[in-house]
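Protein sequence lines, in the order shown, are assigned to chains A and B.
When we follow the working numbering, the leftmost residue of the first sequence carries the number 110, and every step to the right adds one.
When we follow the working numbering, the leftmost residue of the second sequence carries the number 5, and every step to the right adds one.
Glycine included, each C-beta is placed from N, C-alpha and C at the ideal position.
Heads up: the structure comes next, in structure tokens.
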Amino acid sequence: MTRVHIKGGRLVDPKHGVDRPADLYIAEGRVAGIASAPRGFEADRVVDATGLVVAPGLVDLSARLREPGLEYKATLESEMVAAVAGGVTSLACPPDTDPPLDEPGLVEMLTRRASSLNLARVYPVGALTAKLEGERLTEMAELRDHGCIAFSQAEVPLADTQILWRALQYAATFGLAVWLRPQDPHLAKGGVAHDGEVATRLGLPGIPAFAETIALGAILQLVRVTGTRVHLCRLSARESVEMIRAAKRDALPVTCDVSAHHLHLSELDLGYFDSHCHVVPPFRSQRDREALSAGLADGTIDAVCSDHTPVDDDAKQLPFGESEPGTTGLELLLPLTLKWSREARLPLVQALARATSEPARILGIDAGHLGVGAPADICIFDPETYFTVAPSGLRSQGKNTPFLGYELPGVVRWTLVAGEVRFERG
Amino acid sequence: MTNPQSQGQLSANGELVHLLTLEGLPREIIVRILDTAQSFLGVTEREVKKVPLLRGMSVFNVFFENSTRTRTTFEIAAKRLSADVINLNVSTSSTTKGETLLDTVDNLAAMHADMFVVRHSQSGAAHMIARHVGPERHVINAGDGRHAHPTQGLLDAYTIRHYKKDFSGLTVAIVGDILHSRVARSLIHVLNILGTPEVRVIAPQTLLPAGVESLGVRVFPDMRKGLAGADVVVMLRLQNERMRGALLPSAQEFFKYYGLTPEKLALAKPDAIVMHPGPMNRGIEIDSAVADGPHSVILPQVTFGIAVRMAVMSILGGA
């Protein structure tokens, strides 16, 4: 194991409220010392972080790696490289692979393949129902024993509220967390864009905001009766933020996240059918976007995630409604979070909490902080340098992003996982 | 406000390169198309109904969605301009073999198509094709999903101008399925661009898109109120599959409350004209007595439609 001395950087550790110049000493894959070297420490490697921020590696609550089954869109290799290039050291992957992650064997294969790559740490989210079909519960306890950190329906909302109720009860029995993206499948049926002025003008079938809030209301009621720990994924509507605020006031065991792209874009960015803006949930109005940004700033929304979804060109080069939704995001999570923090006038230490310590808390993992003894998962980045988003600059196999051509702040220089340098920008 | 440049249908110096939507199109371009159409109307009434403006050019009618009627009017328009016309019904050929939309377009471009007339069931398909083929070839949107049907909007504007001369004092009522209608959207845009002071939409809530007022219309759930004082009544076609279900309970009830009968038409101005993009559902959105009556200009619309499509093609073809 390498002993690393990270020298001259600005240490930002949100969990401990730290933002000060401090050297970091790493040994045995963990933080061994802050500011002063542990007794007898001899560095094998010195990383010069002068002028750079030294922060915990990012923890991403939603990144699709496309394996198994969808390797033509992306491979584990390509996306894990993208992760560390984006400073992401831990990520949760949703179960919407092909086949879905509904059996221990599949989960085991994925985690084994991922750990053999020695890049970011992967935490699979298991399917809540077999094949995500919304009928039969998966063997959740067994899947948990094989590494599933939570259970979800990915983008296939449960239409049957009785099954949702039973799934939450069953999960609560074992203390398992259930992750749900609130969407009423009937109200959203056929829709491809926010049901508002832009969809009306473009003639695109709409998904009303209440498709989200009605489902969210049902979920919150079920949380109230079952006590299940529920994490709500990718809120998109202003009213959802209000509902979560009220639920937290009532001390319901809920957390939630928003995607980094929803902090910056609205329905107006669809322009004339830009299929890169075809995402789920859809980009909504400016007011919705502002409420998401404010909700993340005040902590109503706990975390920001990339919702990384690599899509091949063929699936994007289709008329808007037929194109496959999703955006590539692992390498833009940090830049978009930094851009958001500047616009929201939030101190860096608070902003980074939303992408490090907070998602780690939701996952229940020892990550996302840099106290002595913490795993040395570290992202060292230049917060002041801007770069232009271009397909050639992205390591992900997915080049699909509405931010192509944007100037964004934040360039990752080094990423360490368990004390080893796993990414270095030359 | 939308920038018409960004739609990719105008060149840097403001020339029409493609016709994708009427939204954001400069008034002068619309007037030029209508004036050009007027000059072509004579051609369609001559014994030799041809002018050589597009001789040597190939016009490909590429219909990913079936429509014999619209395709035929484009075909006639192109032939009267002496263009070579190739009709492709793509829904029954390539796409069922797994070829992508852009593959199909590339293949046709390789056959030296100068102009594509495109109809597709998805909103935005024409924009995508236009972006793909670039400014060297011209794309005419002959209907994309619910989004736009610009030549229909233009022929409707032409018809209104023909009978009413001026838009500045008009009340136009559009009745029926606005939600799914590209005809309604294109008509609303052109009427607003030409300065129509009152554009009304008349429909039950289930057939109105969210925030329809933002398009520049007033909403009238009650047809009688909406028709009061109208100079122009435009009836929309109601698709069969929408007559019974969650949007409407029955064709009968729709006809009772939103069908145009002589009695309801009497609420409009005495010289009101009645339009319909066709094909009509008699007894569902329109009573035969109105469709065939003295206020109806439904058949002249078809004649004007050919002249308007000739005008669009000749302007795009640089003739």
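Interface residues of chain A facing residue i [CB-CB closer than 9 Å]
{"i": "B:H22", "result": "Simply none; closest approach about 12 Å."}
{"i": "B:L105", "result": "Q426, L427, P428, E431"}
{"i": "B:S71", "result": "Within 9 Å Cβ-Cβ: nothing; B:S71 doesn't reach chain A, min ~17 Å."}
Contact set between residue i and chain B, taken where Cβ atoms lie within less than 7 Å
{"i": "A:D304", "result": "A214"}
{"i": "A:G315", "result": "A214"}
Closer than 7 Å at the beta carbon, the chain A residues around residue i
{"i": "B:M132", "result": "F382, P428"}
{"i": "B:L219", "result": "T309, R310"}
{"i": "B:A129", "result": "P428"}
{"i": "B:R186", "result": "G312"}
{"i": "B:R204", "result": "Here the premise fails: no neighbours, minimum Cβ distance about 16 Å."}
{"i": "B:R189", "result": "G312"}
{"i": "B:Q11", "result": "Y381"}
Proximal chain A residues relative to residue i, where beta-carbon distance stays under 8 Å
{"i": "B:A152", "result": "G312"}
{"i": "B:G180", "result": "Correct list: empty, because the minimum Cβ distance to chain A is about 16 Å."}
{"i": "B:G149", "result": "G312, L313, P428, G430"}
Any chain D beta carbon closer than 8 Å to residue i
{"i": "A:G300", "result": "Among the protein chains in the structure shown, which are A and B, there is no chain D."}
Where residue i falls: helix, strand or coil (DSSP)
{"i": "A:E529", "result": "strand"}
{"i": "B:N65", "result": "strand"}
{"i": "B:Y167", "result": "helix"}
{"i": "B:A16", "result": "coil"}
{"i": "A:R230", "result": "strand"}
{"i": "A:V498", "result": "coil"}
{"i": "A:E536", "result": "Past the boundaries of the shown model lies residue 536 of chain A; chain A is included only from 110 to 535, so the question cannot be answered."}
{"i": "B:I144", "result": "strand"}
{"i": "A:G430", "result": "helix"}
{"i": "A:H381", "result": "Going by the sequence as given, residue 381 of chain A is Tyr instead of His. In the structure shown, A:Y381 sits in coil (DSSP, three-state: anything other than H, G, I, E or B)."}
{"i": "A:R451", "result": "helix"}
{"i": "A:S199", "result": "strand"}
{"i": "B:E217", "result": "helix"}
{"i": "B:T25", "result": "coil"}
{"i": "B:G230", "result": "helix"}
{"i": "A:V301", "result": "coil"}
{"i": "B:R313", "result": "helix"}
{"i": "A:Y134", "result": "strand"}
{"i": "A:E399", "result": "helix"}
{"i": "A:V481", "result": "coil"}
{"i": "B:D88", "result": "strand"}
{"i": "A:E516", "result": "strand"}
Where residue i meets chain B, residues with beta-carbon distance less than 8 Å
{"i": "A:A308", "result": "P213, A214"}
{"i": "A:D423", "result": "T104"}
Practice item. Check whether the stretch 156-170 of chain A touches the stretch 197-204 of chain A, taking contact to mean three or more Cβ pairs, one atom from each stretch, closer than 8 Å. Key: Yes, the stretch 156-170 of chain A is in contact with the stretch 197-204 of chain A.
Practice item. Please determine if the stretch 281-289 of chain A and the stretch 383-392 of chain A are in contact, where contact requires at least 3 C-beta pairs separated by less than 8 Å. Key: Pairwise C-beta distances place the stretch 281-289 of chain A out of contact with the stretch 383-392 of chain A, as fewer than three of them are shorter than 8 Å.
Review point. Below 8 Å, can you find three or more Cβ-Cβ pairs linking the stretch 122-135 of chain B to the stretch 423-441 of chain A?
Key: Yes, the stretch 122-135 of chain B touches the stretch 423-441 of chain A.
Check your understanding: Can at least three beta-carbon pairs, one atom from the stretch 146-160 of chain A and one from the stretch 175-182 of chain A, be found at a separation below 8 Å?
Key -> They do not touch, by the three-pair rule.
Exercise for review: Mind listing, in chain order, the continuous beta strand (DSSP E) runs of no fewer than 3 residues lying wholly within the stretch 155-194 of chain A?
Suggested key: The beta strand (DSSP E) runs of length 3 or more contained entirely in the stretch 155-194 of chain A are, from start to end of the chain, 162-165, 167-169.
**Study point:** Any alpha helix (DSSP H) of 4 or more consecutive residues that is wholly inside the stretch 303-350 of chain A
**Key:** Correct list: 306-311, 319-335.
Check your understanding: Does the stretch 62-75 of chain B come close enough to the stretch 38-50 of chain B that 3 or more CB-CB pairs lie under 8 Å?
Key -> Here the stretch 38-50 of chain B makes no contact with the stretch 62-75 of chain B; the two share fewer than three CB pairs at distances below 8 Å.
Practice item. Could you pull out every unbroken alpha helix (DSSP H) segment of at least 4 residues lying fully inside the stretch 247-290 of chain A, listed in chain order? Key: Counting whole runs of 4 or more residues, the stretch 247-290 of chain A contains the alpha helix (DSSP H) stretches 249-254, 270-282.
Exercise for review: Starting from the N-terminal side, write out each stretch of the alpha helix (DSSP H) that is 4 residues or longer and does not extend beyond the stretch 256-301 of chain B.
Suggested key: DSSP runs (the alpha helix (DSSP H)) wholly in the stretch 256-301 of chain B: 266-269, 292-295.
Exercise for review: Could you please tell me which residues of the stretch 109-127 of chain B, in chain order, have their CB closer than 9 Å to any CB of chain A?
Suggested key: Hits within the stretch, in order: H124, S125, Q126, S127.
Review point. If you pair each beta-carbon of the stretch 440-451 of chain A with each one of the stretch 350-367 of chain A, do three or more pairs fall below 8 Å?
Key: Output reads no: the stretch 350-367 of chain A does not touch the stretch 440-451 of chain A.
Practice item. Assess, as a yes-or-no matter, whether the stretch 359-375 of chain A is touched by the stretch 310-319 of chain A under the definition of 3 or more beta carbon pairs within less than 8 Å. Key: At 8 Å Cβ cutoff, the stretches do not touch.
Review point. Along the stretch 258-282 of chain B, what residues have a CB closer than 7 Å to any CB found in chain A?
Key: Against chain A - using a Cβ distance shorter than 7 Å - the stretch 258-282 of chain B contributes no residues.
**Study point:** Members of the stretch 23-35 of chain B near chain A, C-beta cut-off 9 Å
**Key:** Against chain A - using a Cβ distance shorter than 9 Å - the residues of the stretch 23-35 of chain B are L24, T25, E27.
Exercise for review: Report yes or no: do three or more beta-carbon pairs, one from the stretch 455-462 of chain A and one from the stretch 112-131 of chain A, lie closer than 8 Å?
Suggested key: Under the three-pair Cβ rule at 8 Å, the stretch 455-462 of chain A counts as touching the stretch 112-131 of chain A.
Review point. Does the count of Cβ pairs from the stretch 219-230 of chain A and the stretch 181-199 of chain A closer than 8 Å reach three?
Key: Using a Cβ-Cβ distance cut-off of 8 Å, the stretch 219-230 of chain A and the stretch 181-199 of chain A are in contact, since at least three pairs of beta carbons, one from each stretch, lie closer than that value.
Point to revise | Unbroken stretches of the beta strand (DSSP E), 3 residues or longer, contained in the stretch 116-141 of chain B | key: If we require 3 residues or more, the beta strand (DSSP E) runs fully inside the stretch 116-141 of chain B come out as 119-124.
Review point. Hey, is the stretch 134-141 of chain A in contact with the stretch 509-517 of chain A, meaning 3+ C-beta pairs nearer than 8 Å?
Key: Touching, no.
Review point. For the stretch 144-156 of chain B against the stretch 105-125 of chain B, are there 3 or more C-beta pairs whose distance is under 8 Å?
Key: The answer is yes - the stretch 105-125 of chain B touches the stretch 144-156 of chain B, with three or more Cβ pairs under 8 Å.
Check your understanding: On the three-pair Cβ rule with 8 Å, is the stretch 265-273 of chain B touching the stretch 205-220 of chain B?
Key -> No, the stretch 265-273 of chain B does not touch the stretch 205-220 of chain B.
Check your understanding: Pairing CB atoms from the stretch 253-261 of chain B with CB atoms from the stretch 186-200 of chain B, are three or more of them under 8 Å?
Key -> Contact between the stretch 253-261 of chain B and the stretch 186-200 of chain B is absent, because fewer than three Cβ pairs lie under 8 Å.
Check your understanding: Should the stretch 22-35 of chain B be regarded as contacting the stretch 248-268 of chain A, the criterion being three or more beta carbon pairs within less than 8 Å?
Key -> The stretch 22-35 of chain B, when compared against the stretch 248-268 of chain A, does not touch it at the 8 Å Cβ threshold.
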